Amino acid sequence: MSGTFSPRLSILPESQRRLWPELRPATGLGFVLYGGTAIALRLGHRQSVDFDFFTAKPLDREALNEAFSFIRRAIALQSGPETLTLNVPDAEMSDRYVKVSFFGAIDFGRYAAPDMTEDGVLQVASLDDLMATKLKVLMQRVEAKDYQDIAAMLNAGSDLSLGLAVAKEMFGNTFQPSESLKAMTWFEGGDLQRLTDDEKRALIEAASAVRRLPHVEMAMHGLGA
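Counting from 1, position 95 in the sequence shown corresponds to residue 125 in the working numbering; the numbering is continuous, with no gaps.
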């Protein structure tokens with residue numbers, strides 16, 4: 031069953047906070063917030079400057095245009111059958127933008143129910159599902175923010191073995207837990223010099239403690255509550 035939590039809105043940049051109330055229709059359209067901002071809203075560990083919305087449903091452009099008035103003032107950065115990425119200008123500061131992405135037909139399912147923010151604006155993916163998707167991202171790019179997100183979730187009590195098992199169920203043969211663990215403890219390339227010693231230590235200790243992965247069953251093929 032879906033719960034609620036108090037989002038750490040103070041961690042968001044001003045432009046994101048101003049856009050926040052306009053995002054309320056997302057839940058009714060079946061969208062769940064994933065990505066770094068979802069983790070930051072739960073843990074308050076860093077600023078994340080965009081919104082990534084996932085749904086298992088096909089992307090309905092007409093419904094999006096009707097639900098989100100900000101689309102009319104936005105600049106499209108990417109548009110495909112199941113992808114829409116926008117730069118939304120700040121309503122008060124026209125030289126600032128918020129990146130908002132909608133992804134449809136996401137078929138990897140979920141392990142745990144998302145939680146609703148206490149103000150009723152958004153459904154936010156569970157930390158278990160966020161951990162799984164971040165572990166997959168480590169194999170696709172080298173960016174400090176992903177390592178910081180994983181370290182923050184570990185410090186908040188997330189189980190790395192469970193996250194690896196969920197990722198394996200989500201992504202099948204395209205995800206190899208051993209390769210993700212290697213990436214998680216290899217701090218060369220990209221902007222990884224930004225990682226603190228404490229963050230590196232948390233990642234190394236958690237990776238070193240992984241033994242057998244637990245058996246998990248995905249709750250459903252959809253993403254929403």
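Backbone N, C-alpha and C define an ideal beta-carbon position, used for all residues, glycine too. Treat the numbers as computed from the prediction; the structure is a model and nothing was measured.
When you compare the CB positions of residue i and residue j, do they come within less than 7 Å of one another, or not?
{"i": "F84", "j": "L253", "result": "yes"}
{"i": "L107", "j": "N117", "result": "yes"}
{"i": "M183", "j": "E209", "result": "no"}
{"i": "K129", "j": "D179", "result": "no"}
{"i": "R38", "j": "L59", "result": "no"}
{"i": "A237", "j": "L152", "result": "no"}
{"i": "P119", "j": "R103", "result": "yes"}
{"i": "A181", "j": "A232", "result": "yes"}
{"i": "L157", "j": "L194", "result": "no"}
{"i": "V240", "j": "E199", "result": "no"}
How would you write the range of the beta strand (DSSP E) that residue i sits in, first residue to last?
{"i": "D13", "result": "Shown here, the chain extends from 31 to 255; a query on residue 13 therefore has no answer."}
{"i": "M146", "result": "D145 to T147"}
{"i": "F132", "result": "Y127 to F133"}
Closer than 7 Å by C-beta to residue i: which residues in its own chain qualify, once you throw out the five before and the five after it? Chain order, please.
{"i": "V167", "result": "D176"}
{"i": "K230", "result": "F217"}
{"i": "I105", "result": "L116 and N117"}
{"i": "F201", "result": "F138 and K166"}
{"i": "A213", "result": "L168 and M169"}
Less than 8 Å between C-beta atoms, sequence neighbours within five positions excluded: which residues of the same chain meet that for residue i?
{"i": "Y64", "result": "D82, F83, F84, A155, D159, L160 and T163"}
{"i": "I234", "result": "T215"}
{"i": "E52", "result": "F98, S99 and F100"}
{"i": "W50", "result": "L39, L42 and V151"}
{"i": "S109", "result": "T115"}
{"i": "R171", "result": "G220"}
{"i": "R91", "result": "L114"}
Skipping 5 residues on each side, what residues in its chain have a beta carbon closer than 6 Å to that of residue i?
{"i": "I101", "result": "N95"}
{"i": "E173", "result": "G220"}
{"i": "G74", "result": "R38 and I41"}
{"i": "F61", "result": "F83 and T85"}
{"i": "L222", "result": "A174"}
{"i": "L211", "result": "A237"}
{"i": "Q46", "result": "V128"}
{"i": "T67", "result": "S78 and F81"}
{"i": "I69", "result": "L160 and D179"}
{"i": "T204", "result": "none"}
Would you mind giving the Cβ-Cβ distance between residue i and residue j, rounded to the nearest angstrom? I have them listed as a contact below 8 Å.
{"i": "G33", "j": "D125", "result": "Contact doesn't hold; Cβ gap of about 38 Å is too wide."}
{"i": "E112", "j": "P88", "result": "7 Å"}
{"i": "L165", "j": "A135", "result": "In fact, because the Cβ distance is near 22 Å, the residues do not count as touching under 8 Å."}
{"i": "S36", "j": "E148", "result": "5 Å"}
{"i": "A249", "j": "A93", "result": "Going by Cβ atoms, the distance from A249 to A93 rounds to 25 Å, so no, they are not a contact pair."}
What are the boundary residues of the alpha helix (DSSP H) that residue i is part of?
{"i": "L211", "result": "P207 to M214"}
{"i": "A232", "result": "D227 to S238"}
{"i": "V196", "result": "L190 to F201"}
| message | If we require 4 or more residues per run, which alpha helix (DSSP H) segments fall completely within the segment 147-188? | response | Those alpha helix (DSSP H) runs which fall completely within the segment 147-188 and span 4+ residues are 157-167 and 174-185.
| said: Threshold first: 4 residues or longer. Then list the alpha helix (DSSP H) segments lying entirely within the segment 33-120, N to C. | reply: 44-49, 65-73 and 91-97
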